[in-house]
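Presented below is the structure to which this report refers.
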Amino acid sequence: MPDPTPALIAPELFRAVLGRFASGVTVVTTVDDEGRPHGMTVSAFSSLSLQPPLVLVCIGRDATLAPLLATRERMAVNILAASQQALSQRFASKVPDRFDGVAHRVVDPGVPVLEGALGWLGCRIVARHPAGDHVIYVGEVSSAGTGEGEPLGYYRGAYAEVRPAPR
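According to the working numbering, the sequence shown holds residues 482 to 648 in order.
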């Protein structure tokens with residue numbers, strides 16, 4: 482009898498197809514036990530629910546922020562503006578102290594917010610779901626704020642301009 486399980490697609494094809502999904506760019510942040518801020522660039526972010534207000538972020542198990550997020554109760558999702566491409570690159574790098582010289586404020590315990598962000602969400606982590614080589618973090622939004630500007634986009638492995646359509 483033939484195996485009813487379909488064959489998985491090649492990782493290269495999977496990456497090529499997903500690269501055609503345009504996304505925004507965020508920096509997920511939290512603090513360690515000493516109150517020092519930490520963060521990393523994340524494009525795998527989505528709203529999940531309006532009531533209650535929930536969002537999700539997907540973090541690779543081998544990401545630098547993964548061990549810290551595994552033990553934290555709170556995080557922030559900072560939605561980057563187009564003018565913050567260098568900030569996105571910094572938080573995607575292996576720089577030991579990504580916050581060194583970066584303007585930010587802590588709006589709630591454990592919720593560092595980047596100055597100039599297009600928007601931010603302070604969240605209580607309410608669930609963690611292991612999935613493949615990532616962990617899905619579900620955050621219940623307890624604080625938020627908005628800024629001005631155009632969003633920083635990401636498309637086919639590169640930063641992209643995102644312009645609202647005329648109304």
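Glycine is no exception: its CB is placed at the ideal position from the N, C-alpha and C atoms. Keep in mind the model is a prediction, meaning the values are calculated, not measured.
What separation, rounded to the nearest whole angstrom, lies between the Cα atoms of residue 604 and residue 566?
Residue mapping note: residue 604 aligns to position 123 of the sequence shown, counting from 1. Residue mapping note: residue 566 aligns to position 85 of the sequence shown, counting from 1. Spanning the alpha carbons of residue 604 and residue 566 requires a straight line of approximately 24 Å.
Straight-line CA distance for residue 584 to residue 597?
Taking the first residue of the sequence shown as 1, we reach residue 584 at position 103. Taking the first residue of the sequence shown as 1, we reach residue 597 at position 116. So the alpha carbons of these two residues sit roughly 9 Å apart.
Which of the three DSSP states is assigned to residue 548 in this structure?
Start at 1 with the first residue of the sequence shown, and residue 548 comes out as number 67. Looking at residue 548 - three-state DSSP - the assignment turns out to be helix.
Can you have a look at residue 579 and say buried or exposed, based on whether 16 or more other CB atoms are within 10 angstroms of its CB?
In the sequence shown, residue 579 corresponds to position 98, counting from 1. So residue 579 counts as buried.
Identify which residue in 550, 503, 542, 504 has its Cα closest to the Cα of residue 520.
Taking the sequence shown and counting its residues from 1, the one referred to as residue 520 is at position 39. Residue 550 is the option with its Cα nearest to residue 520.
Quick check: what's the CA-CA separation for residue 511 versus residue 637?
In the sequence shown, residue 511 corresponds to position 30, counting from 1. In the sequence shown, residue 637 corresponds to position 156, counting from 1. Rounded to whole angstroms, residue 511 to residue 637 spans 28 Å at the Cα level.
Coarse secondary structure for residue 554, derived from DSSP in three states
Position 73 of the sequence shown holds residue 554. It is coil, neither helix nor strand.
Alpha-carbon to alpha-carbon, residue 487 and residue 507:
Counting from one through the sequence shown, the residue named residue 507 turns up at place 26. Counting from one through the sequence shown, the residue named residue 487 turns up at place 6. Their Cα atoms are separated by approximately 34 Å.
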